[in-house]
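Following: one structure in structure tokens, then a few remarks.
Number of protein chains: 2
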Amino acid sequence: MQKLNVIKIGGNVLDNADNLERFLTDFALLPGLKVLVHGGGVIASEIGKKMGMEPILINGRRVTDANTLHLVTMVYGGLLNKNLVAQLQARRCNALGLTGADANVIPAHKRPVKDIDYGFVGDVESPEQVNITFLASLAEQGIVPVFAALTHDGEGNMLNTNADTIASTLAVALSQNFEVNLVYSFEKKGVLLDVEDETSVIPHLQPDYYAELKEKGAIFAGMLPKLDNAFVALEAGVNAVIIGHAADIQDIAAGGNAGTRITL
Amino acid sequence: MQKLNVIKIGGNVLDNADNLERFLTDFALLPGLKVLVHGGGVIASEIGKKMGMEPILINGRRVTDANTLHLVTMVYGGLLNKNLVAQLQARRCNALGLTGADANVIPAHKRPVKDIDYGFVGDVESPEQVNITFLASLAEQGIVPVFAALTHDGEGNMLNTNADTIASTLAVALSQNFEVNLVYSFEKKGVLLDVEDETSVIPHLQPDYYAELKEKGAIFAGMLPKLDNAFVALEAGVNAVIIGHAADIQDIAAGGNAGTRITL
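For the record, the sequence lines run as chains A and B. In terms of our numbering, the first sequence is numbered consecutively and its last residue is 264. In terms of our numbering, the second sequence is numbered consecutively and its last residue is 264.
Here it is as structure tokens:
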């Protein structure tokens, strides 16, 4: 099977023009098939403030009311997505901006209200629902999809959707046709044994070692959901999940030593 | 050759929720191949005002400075485009949102500064530069492109671009592969002999009759650029240009009597 990298960039790449330029230059040069996924929460909050909107948080989690949905649809789907596309095109990477609504690539539904109503937030349907026929046709044409963190409910509403989830859903779905590596690029060198020490990157995580570290409480709590999801993606067919620094994307994509490589 | 309709909707459709719902329901039901093109200037101005931005006009024409470019990229490429896509998906029309930057479909360049600097405004390259291979592949997959009035300069900048021009450029380019009708949907029943009288629609315009009406001053001056451009599109291979009311789109697309039909 052909190799394909699904690469998610975190806020620290988008929020800093220098980091972004460097990342896009590296990304454009990556050989082979690739998909980019981005969020943009910090920039959405900044633009919301200019419009007199304050982020709505319940228990520290963001709520997407109708105005917030308009805001993220504008910022993620328009401003950030189209500027990423234009900047990749300038680097001779034939990028195409997408949300989950376009060509119904990622069907989703509004999160059911239990204790808290998170508003227009999307939970994606299973990876089997992803329109991989369309994505495979883009790959054949040398077109590189750039996904904003938005889906839709099939009833006319866009939905604000976690970018990590979009990346893992796409990675699992594309594993039917390709050998997929899922890369989470962020502001650290990888998963650290000591959050204060950037040199303490764990080079390789497998289920046994992860269980051992988890039991010892040796992994930063904020990293646990990402790692749990990484193992779910691997169980569902993804070849490897790599967590590492955006500045190391070329080494990571080439299968080098940068970042934390997670496999079964 | 297969038939294909390129349909541009004017502000009066986008700005009114009832008109839009009706139009989208009709559009989704149109048989055969179709492309939708939209602008959104009124809504962009409204959102700009919320952000403290006043439209910048020189001699009555809008100037696109860097902030205005961000605004229209958000509103046309994000808010309006993605909501149109979601609403068409809800009507089982497999819509895909695009700008000229995506898959480099419509290459353009920043308008050269002569007397007036219009800022980040795009003049499209010739229709031969349009990526019709990609558009034909969408058509084969039953995917309906929905274009926002944005292009890019190939150097990393998005460009604000006239929606009528995007529609006619696409229509001319697609005429290489399809029998294309170009439809301008707006708030009038067609080209009127008497602007005060909605029943005075000219049913059919051909070059001789147009020249005659033009000489007599019988056509509303504001309509002349659209009509001149219509004849340019026809000369370049478009089958027919139809100007009519958005509420009549089904009749127009079926080749009925609604609107003004312009042919060579």
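Beta carbons are placed, not taken as given, at the ideal position from N, Cα and C, and that holds for glycine.
Endpoints, beta strand (DSSP E) assigned at residue i
{"i": "B/T260", "result": "T260 to I262"}
{"i": "A/V85", "result": "Looking at the DSSP string, A/V85 is not in any beta strand (DSSP E); the run it does join, the alpha helix (DSSP H), is N81 to A90."}
{"i": "A/T133", "result": "Counting along the chain, A/T133 falls outside any beta strand (DSSP E), though it belongs to the alpha helix (DSSP H) covering I132 to E140."}
{"i": "A/I243", "result": "A240 to H245"}
{"i": "B/A148", "result": "V144 to A148"}
{"i": "A/A95", "result": "A95 to L98"}
Within 9 Å, strictly: CB atoms of residue i and residue j
{"i": "A/T99", "j": "A/F134", "result": "no"}
{"i": "A/L4", "j": "A/E235", "result": "no"}
{"i": "B/V35", "j": "B/V6", "result": "yes"}
{"i": "B/A246", "j": "B/N19", "result": "yes"}
{"i": "B/V63", "j": "B/S168", "result": "no"}
{"i": "B/I262", "j": "B/H204", "result": "yes"}
{"i": "A/G40", "j": "A/L96", "result": "no"}
{"i": "B/Q2", "j": "B/L33", "result": "yes"}
{"i": "A/N157", "j": "A/F186", "result": "no"}
{"i": "B/L71", "j": "B/A108", "result": "no"}
{"i": "B/A240", "j": "B/D251", "result": "no"}
{"i": "A/A163", "j": "A/A173", "result": "no"}
{"i": "B/K189", "j": "B/L159", "result": "no"}
{"i": "B/G60", "j": "B/N104", "result": "no"}
{"i": "A/L193", "j": "A/L224", "result": "no"}
{"i": "A/I242", "j": "A/V183", "result": "yes"}
{"i": "A/V238", "j": "A/N181", "result": "yes"}
{"i": "B/L170", "j": "B/V130", "result": "yes"}
{"i": "B/I166", "j": "B/V37", "result": "yes"}
{"i": "A/G52", "j": "A/T68", "result": "no"}
{"i": "B/L227", "j": "B/Y209", "result": "no"}
{"i": "B/V88", "j": "B/L14", "result": "One detail in the question is off: residue 88 of chain B reads as Leu in this sequence, not Val. For B/L88 and B/L14, no; Cβs fall outside 9 Å."}
{"i": "A/G77", "j": "B/G77", "result": "yes"}
Opening and closing residue of the alpha helix (DSSP H) in which residue i lies
{"i": "A/V35", "result": "First-last for A/V35: L33 to H38, but that is the beta strand (DSSP E), not the alpha helix (DSSP H)."}
{"i": "B/D18", "result": "A17 to L29"}
{"i": "B/F231", "result": "L224 to E235"}
{"i": "B/I219", "result": "Segment: none, B/I219 is in no alpha helix (DSSP H) and carries neither H nor E."}
{"i": "A/A253", "result": "I249 to A253"}
Beta-bridge pairing of residue i - partner residues as DSSP gives them
{"i": "A/D123", "result": "A/H109"}
{"i": "B/K8", "result": "B/V37 and B/Y184"}
{"i": "A/T68", "result": "DSSP, once it has assigned bridges, lists no residue as partnering A/T68."}
{"i": "B/L57", "result": "B/R62"}
{"i": "B/K3", "result": "B/E179"}
{"i": "A/T151", "result": "A/L159"}
> What residues in the segment 65-79 of chain B have a beta carbon less than 8 Å from any beta carbon of chain A?
Replying inline: H70, T73, M74, V75, Y76, G77, G78 and L79
> What residues in the segment 163-179 of chain B have a beta carbon less than 7 Å from any beta carbon of chain A?
Replying inline: none
> Between the segment 128-140 of chain B and chain A, which residues of the former have a C-beta closer than 7 Å to a C-beta of the latter?
Replying inline: F134 and S137
> Which residues, in chain order, does the segment 95-123 of chain A contribute to contact with chain B at a C-beta distance below 7 Å?
Replying inline: L96, G97, T99, A101, D102, A103 and N104
>> Suppose only complete runs of 3+ residues qualify. What are the beta strand (DSSP E) ranges in the segment 159-207 of chain B, listed by chain order?
In response: 179-186
>> Short of 8 Å Cβ to Cβ, which residues in the segment 41-52 of chain B face chain A?
In response: I47, K50, M51 and G52
>> For the segment 205-217 of chain B, list every residue whose C-beta sits within 8 Å of some C-beta in chain A, in sequence order.
In response: none
> Going along the chain, which residues of the segment 6-19 of chain A sit with their C-beta nearer than 9 Å to a C-beta in chain B?
Replying inline: none
> Mind listing which residues of the segment 151-162 of chain A have their C-beta closer than 7 Å to chain B's C-betas, in chain order?
Replying inline: H152, G154, E155, G156, N157 and M158
> Which residues, in chain order, does the segment 224-249 of chain A contribute to contact with chain B at a C-beta distance below 9 Å?
Replying inline: none
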